[in-house]
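Chemist:
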Amino acid sequence: MGRYIDEILQPGEKVLYSTNAHWVFYLPAIAAWLVAAGLLVLSRLTTADSLVLLCLAAAAVVAIAALYWTVKAWFHRLTTETDVTNRRVVHKTGFITRKTFEMALDKIESVDVDQSISGRILDYGDVTILGVGEGRQTIQTIASPLAFRNAITAR
0 MGRYIDEILQ PGEKVLYSTN AHWVFYLPAI AAWLVAAGLL VLSRLTTADS LVLLCLAAAA
60 VVAIAALYWT VKAWFHRLTT ETDVTNRRVV HKTGFITRKT FEMALDKIES VDVDQSISGR
120 ILDYGDVTIL GVGEGRQTIQ TIASPLAFRN AITAR
């Protein structure tokens, strides 16, 4: 599976900056894996057979949920692309059902970055692009939003 941007580049157009969804999408999966590991350790520390079975069953259920969240986050990051070319901004999400938007650089009026405290620490955030006659587009939870904004505004 090739990159979407490589398929749609026009003659003379080149990619200036690329980013994708931040790794923070893995946090629910990481938390679930830690809970599953804790339940496994707890099952080894208990002596009652019924508690051991209960801990192992709970660990299995949590591990299945963690596996689901891991695959979901991985697939989201794999199928999300955000690029700035010398002519436009392109954002694509999805695999089977694809959602894209493109906005010409000369039609962009402003670029706003919204970061929480954790977003500032871990370098992720939401970017809202306001276009002249194009409307408003928000790209959520992307890596390095300030660098992305700078790639758009530095012409």
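Everything in the sequence shown is counted per numbering that gives the first Met the number 0, starting at 0 for the first residue and increasing by one. Just so it is clear, CB atoms sit at the ideal spot from N, CA and C, and this is done for glycine as well.
Look at the alpha carbon of V61 and the alpha carbon of I138, and state the distance between them as a whole number of angstroms.
Modeler: Here residue 61 is taken as the residue at index 62 of the sequence shown, counted from 1. Here residue 138 is taken as the residue at index 139 of the sequence shown, counted from 1. Going from the Cα of V61 to the Cα of I138 covers about 31 Å.
Chemist: Whole angstroms is fine: what's the gap from A103's alpha carbon to A28's?
Modeler: Translated into the one-based positions of the sequence shown, residue 103 becomes position 104. Translated into the one-based positions of the sequence shown, residue 28 becomes position 29. Whole-angstrom Cα-Cα distance: 37 Å.
Chemist: What first and last residue would you give for the alpha helix (DSSP H) that runs through H75?
Modeler: Position 76 of the sequence shown, counting from 1, holds the residue named residue 75. Here the alpha helix (DSSP H) through H75 covers 48-77.
Chemist: Applying the 10 Å Cβ sphere with the 16-neighbour rule, what's the burial state of W73?
Modeler: Counted from its first residue, the sequence shown places residue 73 at position 74. By the 10 Å Cβ count, W73 comes out exposed.
Chemist: Taking Cβ to Cβ, would you say T81 is nearer than 8 Å to N149?
Modeler: The residue given as residue 81 occupies position 82 in the sequence shown. The residue given as residue 149 occupies position 150 in the sequence shown. No, these two residues do not count as a Cβ contact at 8 Å.
Chemist: Please give the ranges of any alpha helix (DSSP H) in the segment 0-39, keeping only runs that are unbroken, at least 4 residues long and fully inside the region.
Modeler: 3-7
Chemist: Taking the alpha-carbon of W22 as reference, which of H75, I7, S115 has the nearest alpha-carbon?
Modeler: To locate residue 22, count along the sequence shown from 1; it is residue 23. For W22, the nearest C-alpha among the options comes from H75.
Chemist: Just the C-alpha distance for F100 and V51, rounded to the nearest angstrom, thanks.
Modeler: Reading the sequence shown from its first residue, position 101 is the one you call residue 100. Reading the sequence shown from its first residue, position 52 is the one you call residue 51. Their Cα atoms are separated by approximately 52 Å.
Chemist: Look at the Cβ atom of V83, then the Cβ atom of Y3, and state whether they are nearer than 8 Å.
Modeler: Against the sequence shown, residue 83 aligns to sequence position 84. Against the sequence shown, residue 3 aligns to sequence position 4. Result no, Cβ atoms of V83 and Y3 do not sit closer than 8 Å.
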